[in-house]
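Have a look at the structure below, then the notes.
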Amino acid sequence: MSERTAPLADSLTTALRLRRSTTRSPDQLPTLPPAALRTLHPTHPGLPPVADRPAWAPCSPCGPDCLPRAGRRADPRATLRVARRLTTLVALLLVALPVLLVGPNPRLFRAVLRAAGVRLRIRGTTYGEGGVLVVANHLSWIDVVVLGAVGPVRMIAKREVADWPLIGPMARRTGALFVDRGGLRGLPDIVAGTATALRGGAVVGVFPEGTTWCGSASGPFRRAPFQAALDAGCPVRPVRIDLALPDGRPTTAGAFVGDETLWDSLRRVLRLERLDCTLTLLPLLPPEGDRRTLAARAERAVTAAR
2 MSERTAPLAD SLTTALRLRR STTRSPDQLP TLPPAALRTL HPTHPGLPPV ADRPAWAPCS
62 PCGPDCLPRA GRRADPRATL RVARRLTTLV ALLLVALPVL LVGPNPRLFR AVLRAAGVRL
122 RIRGTTYGEG GVLVVANHLS WIDVVVLGAV GPVRMIAKRE VADWPLIGPM ARRTGALFVD
182 RGGLRGLPDI VAGTATALRG GAVVGVFPEG TTWCGSASGP FRRAPFQAAL DAGCPVRPVR
242 IDLALPDGRP TTAGAFVGDE TLWDSLRRVL RLERLDCTLT LLPLLPPEGD RRTLAARAER
302 AVTAAR
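Per the numbering used here, the very first residue in the sequence shown carries number 2; after that it's consecutive.
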C-alpha cells in the first residue's frame, strides 16, 4: 500500500462517511462495507472496536502496512544522506531557538524543510488578516513545519509534541496550544483559549482529524475546534497537504502513523532523495451555522482539493 490512487482514497473516505451516517447503538461500530474493503490493501487494518478505545477518541486505521516496504539491500548513498541532513538539522536547531525568541520566522521553517530534503510548493498566498482558524489534513510531523513556512501560526498540538526534538522547541516558541488527548476534561479550556487567541488576531492551526492518516485516505473532522471560530466570529481557512515523490506519484513515505517513533518517520524521510510537499490554501469559510455544519464544510473542501 505504498502508493494509492484517488479512487482508493475516495472509497475509504466514503466508507467512513457511510459509517457515520449509519444508525447504530452507542456501543456498536459497524465495519467498513465489504465493497469498500475489497478496494483496499488486504492488510490495511480497520478501525478497532469501540470496546478497545474511548468512543470519543480520534482513531486512524493507518499503520505499518500503509508505508512503503523497506529495500532489501542497504543503500550507502541513503546512509550518507541521512547523516548529512541530520547534521544540518541539528545546526538549524541551535540557530532556531534564539531566532524564535524574536518571533516566528517562516524562512526558518522553510530552511528546516530544505535541510530534511522536503521541497515545498504553496498554492495560494497568506492565511488572511486578523484571527483565522487554519484547519488541515494530518499526515506527518512535516505538517507542522509546512504550516509554519506559510506564515506565523499557533498550533493546537497533542501534549507529546512539546517533547519532540526540533519540532517541540519550535512549537513551544511559536505559542503552541497543547492538548491532552487522553481525556475530555481539558477540552473546554482549549476551545476557550483558541477563541481568545483568535479574538486577539492570531492565526491558529489545528488538525481536526485528531491523528495522522497515511494520505491514501482521510478521517472525519472533529467539531470542537470549529466552536472556537464560531465563538470568536473568525473565519476558517481549509488547507490541504499532499506528499509526493519527485516524479509526481503520491507516496506514504512521509507519513507518521501507527506506533512508529518520530525517529522512524524522520529517518525514512531523510533517506529519500527528495520528498515534494504541496500545500493548498483553500477559500475562507465564514463563521456561520453550528460547529457540525462548519466542520463538514471544511472537511468537504479539503477532501475535494485533489
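Using N, Cα and C, we set each Cβ at its ideal position, and we do this for glycine too.
Buried versus exposed, by CB contacts within 10 Å (16 or more), residue i
i	result
Val91	exposed
Ala302	buried
Trp214	buried
Val192	buried
Val96	exposed
Arg85	exposed
Pro77	exposed
Arg329	Any question about residue 329 goes unanswered here, given that the chain covers just 2 to 307.
Trp264	exposed
Ala71	exposed
Ala305	exposed
Gly1	One cannot answer for residue 1 here, as it falls past the ends of the chain, which runs 2 to 307.
Pro1	Within the shown structure, residues of the chain are numbered from 2 to 307, placing residue 1 beyond reach of any answer.
Pro288	buried
Pro35	Note that Pro35 scores a pLDDT of 35, beneath 50, so its modelled location is shaky and nothing firm can be said.
Pro43	With a pLDDT of only 41 at Pro43, under 50, the local geometry of the prediction cannot be trusted, and the value read off the model is given with reservation. So Pro43 counts as exposed.
Enclosing beta strand (DSSP E) for residue i [first to last residue]
i	result
Arg122	Val119 to Arg124
Val113	Run containing Val113: none in the beta strand (DSSP E); it sits in the alpha helix (DSSP H), Pro107 to Ala116.
Pro221	Counting along the chain, Pro221 falls outside any beta strand (DSSP E), and DSSP gives it neither H nor E.
Ala158	Arg155 to Lys159
Ala239	This sequence places Pro at residue 239; Ala is not what is there. Element bounds for Pro239: Val237 to Ala245.
Gly234	Taken as a continuous stretch (DSSP letters only), Gly234 belongs to no beta strand (DSSP E), as it is neither H nor E.
Ala137	Val133 to Ala137
Gly206	Val204 to Val207
Val162	Premise fails: Val162 is in no beta strand (DSSP E) and is neither H nor E.
Leu178	Leu178 to Val180
8 Å CB neighbourhood of residue i in its chain, flanking five on each side removed
i	result
Leu285	Gly129, Val133, Pro236, Val237 and Arg238
Ala177	Arg155, Met156, Ile157, Ala158, Val162 and Ala163
Cβ shell of residue i (< 7 Å), same chain only, five flanking positions each side left out
i	result
Ala225	Leu188 and Val192
Ile242	Ala137, Asn138, Leu140, Asp144, Val147, Cys278 and Leu280
Arg275	Gly118, Arg120 and Pro247
Leu38	No answer about Leu38 holds up, because its pLDDT of 30 lies below 50 and its placement is not dependable.
Leu273	Gly118 and Ala254
Leu93	Ala112, Val113 and Ala116
Arg200	Gly132 and Ala233
Arg269	Ala254
Range covered by the alpha helix (DSSP H) that runs through residue i
i	result
Val147	Ile143 to Val151
Asp190	Leu188 to Arg200
Pro170	Ile168 to Arg174
Spatial neighbours of residue i in its chain, beta-carbon cut-off 6 Å, leaving aside the 5 residues before and after
i	result
Phe110	Val146, Gly149 and Ala150
Thr212	Pro59 and Ser61
Ala79	Arg272
Ala228	One point to set straight first is that residue 228 is Gln, not Ala, in the sequence displayed. Here the set comprises Val192 and Arg292.
For the segment 152-164 and the segment 194-210, state whether three or more C-beta atom pairs, one from each stretch, are separated by less than 8 Å.
yes
Pick out the complete alpha helix (DSSP H) segments inside the segment 257-302, 4 residues or longer, and give them in chain order.
263-272
Hey, is the segment 258-270 in contact with the segment 291-307, meaning 3+ C-beta pairs nearer than 8 Å?
no
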